[in-house]
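Here is the structure we will look at.
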Amino acid sequence: MILRPLSHTPAHHPSVETLTAYAAGVIRAGFDVVTAVHVRGCAQCRRDVAAFECVGGVVLSETPGVAVSDEALARVMARMDGPAPSSRMRRSLDDLLYKAKRRWVAPGVWVAKVDTPHADDDRVYMLSAAPGAVTAMHTHSGVEFTQILSGALFDEGVTYSAGDFTERNIEHTHKPHTVSDEPCICLFATHGRLAPTDFIGRIAFALADV
Ligand SMILES: [Zn+2]
Numbered sequence: 019m020i021l022r023p024l025s026h027t028p029a030h031h032p033s034v035e036t037l038t039a040y041a042a043g044v045i046r047a048g049f050d051v052v053t054a055v056h057v058r059g060c061a062q063c064r065r066d067v068a069a070f071e072c073v074g075g076v077v078l079s080e081t082p083g084v085a086v087s088d089e090a091l092a093r094v095m096a097r098m099d100g101p102a103p104s105s106r107m108r109r110s111l112d113d114l115l116y117k118a119k120r121r122w123v124a125p126g127v128w129v130a131k132v133d134t135p136h137a138d139d140d141r142v143y144m145l146s147a148a149p150g151a152v153t154a155m156h157t158h159s160g161v162e163f164t165q166i167l168s169g170a171l172f173d174e175g176v177t178y179s180a181g182d183f184t185e186r187n188i189e190h191t192h193k194p195h196t197v198s199d200e201p202c203i204c205l206f207a208t209h210g211r212l213a214p215t216d217f218i219g220r221i222a223f224a225l226a227d228v
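Its first residue numbered 19, the sequence shown is counted upward by one per residue in the numbering used here.
In C-alpha cells, the structure reads:
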C-alpha cells in the first residue's frame, strides 16, 4: 500500500492559492492528483479546502440566478468538521498509484509514470530513491508539485517528511536526496517534460518515459 496513514502532522502544505484553486476545481488535472493526495492525509488542509468551498458556495448563492441547494451546503458544512475523506476518493487515489508501472532506472531508484486522464501537458510520476541512491539532477521551468509519500527527503536546505508537500514555480535546477533509513517515495507533478541535466537523469527519464 503506497498511501499509508501518517503518524505525524505534515509541516509543509500547498499554498493558499493552490488550495483555493483545488477547492474551486480549477487546478490543472495532473496537479490536482498530487494536491488530492496531500489533502487526503492532512486534516488542516481538509479544513481549509472545506472553508474555501464554503466561501465559493456563498459567492455562488449571492450570484443572481444561481441557487445553492441545502444539500450542497450541508455537505460543505459537514466537511468543515474535518472528516476523513470519502472511501471512494481513497480507493481511486490508491488505484491510480498502485497501477503505475515501476521501472528501475538506477541502483536503488525506480520511477513510475502515473496515468492521469485529461493531463496531456503535465507529467505525474512517483520516484523512489533508496538511502544513498544517486537521484537525477533536473531542471524545469514552471510549476513542480511534490508530495512525500514515505521516507524523508533533503532538498535545498530543508528536510521534507512523509505527508509534506512542496511547490515550486520558478526555473531552477535541483537534486533532492533521501535522508531516511527507508526509501523515500515522492509523487511529482510537473508541467511539461523534465530536462535532466546529468547522466543518471538522462537515462532515468528516458527509461521511465517521463
Ligand atoms: Zn496540509
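Quick reminder that beta carbons are idealized off the backbone N, C-alpha and C, glycines included.
These figures come from a predicted structure and were not determined experimentally.
With a threshold of 7 Å, establish whether the CB of Phe172 neighbours any heavy atom of ligand 1.
As a position in the sequence shown, residue 172 is number 154, starting the count at 1. Result no, Cβ not under 7 Å from ligand 1.
State the start and end residues of the unbroken beta strand (DSSP E) segment that holds Leu171.
Indexing the sequence shown from 1 puts residue 171 at position 153. Per DSSP, Leu171 belongs to the beta strand (DSSP E) from Ala170 to Asp173.
Please determine, among Val51, Cys204 and Ala41, the residue with the shortest C-alpha to C-alpha distance to Ala68.
The sequence position of residue 68 within the sequence shown is 50, counting from 1. Taking only the C-alpha atoms, the option nearest Ala68 is Ala41.
Starting from the C-beta of Pro200, find all residues in its chain whose C-beta is less than 8 Å away, skip the five residues before and the five after it, and write them out in chain order.
Indexing the sequence shown from 1 puts residue 200 at position 182. First, the amino acid is wrong: residue 200 is Glu here, not Pro. Residues of the same chain with a CB within less than 8 Å of the CB of Glu200, apart from the 5 flanking positions on each side, are Pro149, Ser168 and Gly169 in chain order.
For Cys204, does the three-state DSSP call read helix, strand or coil?
Stepping through the sequence shown from its first residue, residue 204 is reached at position 186. Looking at Cys204 - three-state DSSP - the assignment turns out to be strand.
Cβ of Val51 within 8 Å of Cβ of Val142?
As a first step, residue 51 is located in the sequence shown; it is residue number 33 there, counting from the start. As a first step, residue 142 is located in the sequence shown; it is residue number 124 there, counting from the start. Closer than 8 Å, so yes.
Does Arg46 come out as helix, strand or coil in the three-state DSSP assignment?
Along the sequence shown, one-based indexing puts residue 46 at 28. If DSSP states are grouped into helix, strand and coil, Arg46 belongs with coil.
Run through the DSSP bridge pairs and tell me what Glu162 is partnered with.
Within the sequence shown, residue 162 is the residue found at index 144, counting from 1. DSSP, once it has assigned bridges, lists Arg186 and Thr208 as partnering Glu162.
Should Arg64 be flagged as near chain C, meaning a C-beta pair shorter than 8 Å?
Absent from the structure is chain C; it holds one protein chain and no more.
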